[in-house]
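Worksheet: one structure, shown below.
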Amino acid sequence: MSPAEWYRLSDAGCGVVRITEPFVDPYYSANLYFLRGRERDLLVDAGMGIHPLRPVLPLTEGKPVLALATHIHIDHVGALHEFADRAGPAVEAALFETMPDGATYAEEYRHRPTPVTQLPWPGFDIASYRLTPAPLTMPLKEGDRLDLGDRSFAVLELPGHSPCIALFDEINGILFAGDAIYDDQLLDDMPCSDKDAYRATMRRLIGEVDPRIVFGGHGEPFDGERMRQIARHYLEHGSGL
Ligand SMILES: [Zn+2]
Numbered sequence: 000m001s002p003a004e005w006y007r008l009s010d011a012g013c014g015v016v017r018i019t020e021p022f023v024d025p026y027y028s029a030n031l032y033f034l035r036g037r038e039r040d041l042l043v044d045a046g047m048g049i050h051p052l053r054p055v056l057p058l059t060e061g062k063p064v065l066a067l068a069t070h071i072h073i074d075h076v077g078a079l080h081e082f083a084d085r086a087g088p089a090v091e092a093a094l095f096e097t098m099p100d101g102a103t104y105a106e107e108y109r110h111r112p113t114p115v116t117q118l119p120w121p122g123f124d125i126a127s128y129r130l131t132p133a134p135l136t137m138p139l140k141e142g143d144r145l146d147l148g149d150r151s152f153a154v155l156e157l158p159g160h161s162p163c164i165a166l167f168d169e170i171n172g173i174l175f176a177g178d179a180i181y182d183d184q185l186l187d188d189m190p191c192s193d194k195d196a197y198r199a200t201m202r203r204l205i206g207e208v209d210p211r212i213v214f215g216g217h218g219e220p221f222d223g224e225r226m227r228q229i230a231r232h233y234l235e236h237g238s239g240l
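Read in order, the letters of the sequence shown are residues 0 to 240 in numbering that gives the first Met the number 0.
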């Protein structure tokens, strides 16, 4: 299977290309997003890194592209090393230098019963699957801004699932939420999780962030009202919908 067959690209609206890995264990298969800016393009999250990602992106020769990881989990950082400009949460910057299994959960992935539903190439051996370290060239924290030339994003720290960052384009109402919030079962019971912080994140999303559309790390895009529903459900029931 070629990289073009491994990844699935679709138009998610708002100039956003959604990229998925349909043959990865559904528990791990995440959303990646690509969008063009006037000065530089942006990739949000970098998948498992099983097949090279760069060749399938609609890149423009000579134009810079910034690859951003919302957090260090395996399904978001695999292909980050393919890009020269790498952004991610400053609080996890030291971990991106080595990508230890304890932070990425790569070891758990290697032991899944069905890590891939189709082989990426004949003879693929999950035991030899490793993440390549990708030190951050642009560590980001709350209050920073990312400017693509014709649109810009506020960097939000939304901890809980893990020390996640999110990007919010207030003008166009677009939120790239990573795994802070998405329309599926939310995870808050990993060693890197913090349930109290997650509750604060949910309260903040309800009270302070008013997106028109949310592109989450997993599942389908959803609107601001749905985001508030999911957040309220978490606060009331201690889990996602
Ligand atoms: Zn995650």
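C-beta atoms are modelled at their ideal positions from N, C-alpha and C, and glycine is treated no differently.
At least 3 beta-carbon pairs within less than 8 angstroms: the segment 75-84 vs the segment 143-158: no
Residue interval of the alpha helix (DSSP H) (run including residue 234): Start and end: 223-236.
Span of the alpha helix (DSSP H), counted from its first residue to its last, around residue 202: 194-207
Nearest candidate by alpha-carbon position, reference residue 211, set 169, 199 and 189: 169
Residue 41 versus residue 14 - alpha carbon distance: 11 angstroms
Within 5 angstroms of ligand 1: residues by beta-carbon to any heavy atom: 72 and 178
Supposed contact pair residue 46 and residue 11 - C-beta distance, whole angstroms, cut 8 angstroms: That pair is no contact at about 16 angstroms.
Opposing strand residues paired with residue 144 [DSSP bridges]: 153
Residue 245 and residue 187 closer than 7 angstroms at C-beta: Only positions 0 to 240 of the chain appear in the structure, and residue 245 is not among them; the question remains open.
Three-way DSSP call (helix, strand, coil) for residue 42 in this model: strand
Span separating the alpha-carbon of residue 197 from that of residue 100: 23 angstroms
Own chain residues within Cβ distance below 6 angstroms of residue 31, not counting five before or after: 18, 44 and 46
Contacting residues, own chain, Cβ-Cβ under 8 angstroms from residue 174 (five flanking each side not counted): Non-local beta-carbon contacts of residue 174 in its own chain, meaning distances under 8 angstroms to residues more than five positions away in sequence, involve 165, 166, 167, 168, 208, 210, 212, 213, 214 and 226 in chain order.
Cα-Cα separation, residue 36 to residue 111: 38 angstroms
Whether residue 66 touches residue 139 by CB criterion (7 angstroms): no
Segments of 4+ residues assigned as alpha helix (DSSP H) that fall wholly inside the segment 72-118: 73-76, 92-95, 100-103 and 105-109
Beta-carbon proximity of residue 108 to residue 55, cut-off 7 angstroms: no
Residue span of the alpha helix (DSSP H) that contains residue 2, given as start and end: 2-5
Cβ neighbours of residue 20 in the same chain (closer than 7 angstroms, five flanking residues each side left out): 5, 6, 28, 46 and 47
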